[in-house]
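S.K.: First residue of the sequence shown? That's 62 in my numbering, and the numbers climb one at a time after it. Don't be surprised by glycine CBs; every beta carbon is placed ideally from N, CA and C. Only a predicted model underlies this, so the values are computations on that prediction, with no experimental measurement involved. What follows is a structure written as structure tokens; I'll ask about it next.
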Amino acid sequence: MNILFLSIVRFLDIADRGIYTDLIRKFINEGHTVHVVYPSERRYKEQTGLNIVRDLSLLKVKTLNIQKTGFIEKGLAILILEWQFLYQIKKHYSNIKFDLVLYSTPPITFTNAVKYIKFQCGESKNEYIGSPFKYTQPWHLGKYEKLNILQCRNY
């Protein structure tokens, strides 16, 4: 199964412990191919790049600073983030049909990117299931986040 994970969290090492990296490793261990798209903020001075290692594809997208920056830059970064992600997804993953799309909220700016992937899956032959999953991170007790799951099922 081809899985696409859209994240606003920077991935340094897939071996790190965390909710997203643990989930990605679980999918890979189950024999699935995982494609991760994540931002590389301007402060890191890194270019957009694709790194493929066996069943894991990491697409680093150069963006403006999203975290630890002024509200004007952060606002602009959030506004153009979806366009940057969508452009790079079309450029690097245009020939891949995704069976499962995962993205963390709150970035509602991923709406058009998810719509594009839904369209790419072929809406007439697929069912889309969105199921929010709540979790608590031990170091943020009481703070909940959602993991939205979009699954394309072929019949």
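Going straight from the alpha carbon of L67 to that of L119, what length do you get?
M.R.: Their backbone Cα atoms lie some 10 Å apart in a straight line.
S.K.: Could you give the DSSP three-state label for H96: helix, strand or coil?
M.R.: In this structure, H96 counts as strand in the three-state DSSP scheme.
S.K.: With DSSP as the reference, please indicate the residues paired to G110 in a beta bridge.
M.R.: Note: G110 sits in a beta bridge opposite K121.
S.K.: Given that a residue counts as buried once 16 or more other Cβ atoms are within 10 Å of its Cβ, and exposed if not, what is K152?
M.R.: By the 10 Å Cβ count, K152 comes out exposed.
S.K.: Just to confirm before moving on: does the CB-CB distance between E234 and K121 stay below 9 Å?
M.R.: Nothing can be reported for residue 234: it is not among the residues displayed for the chain, which extend from 62 to 216.
S.K.: Straight-line CA distance for Y148 to I133?
M.R.: Answer to the nearest angstrom: the Cα atoms are 23 Å apart.
S.K.: DSSP three-state call for Y139: helix, strand or coil?
M.R.: According to the sequence provided, residue 139 is Ile. The question's Tyr does not apply to it. Reduced to three states, the DSSP call for I139 is helix.
S.K.: Just verifying my parser: in three-state terms, what is the DSSP assignment at L73?
M.R.: Looking at L73 - three-state DSSP - the assignment turns out to be coil, as it is neither helix nor strand.
S.K.: Under a CB-based cut-off of 9 Å, is T172 close to chain C?
M.R.: No chain C appears in this structure, which consists of one protein chain only.
S.K.: Out of I157, L163 and N173, which one is the CA nearest neighbour of H142?
M.R.: Contrary to the premise, residue 142 reads as Leu rather than His in this sequence. For the residues I157, L163 and N173, the minimum Cα distance to L142 belongs to N173.
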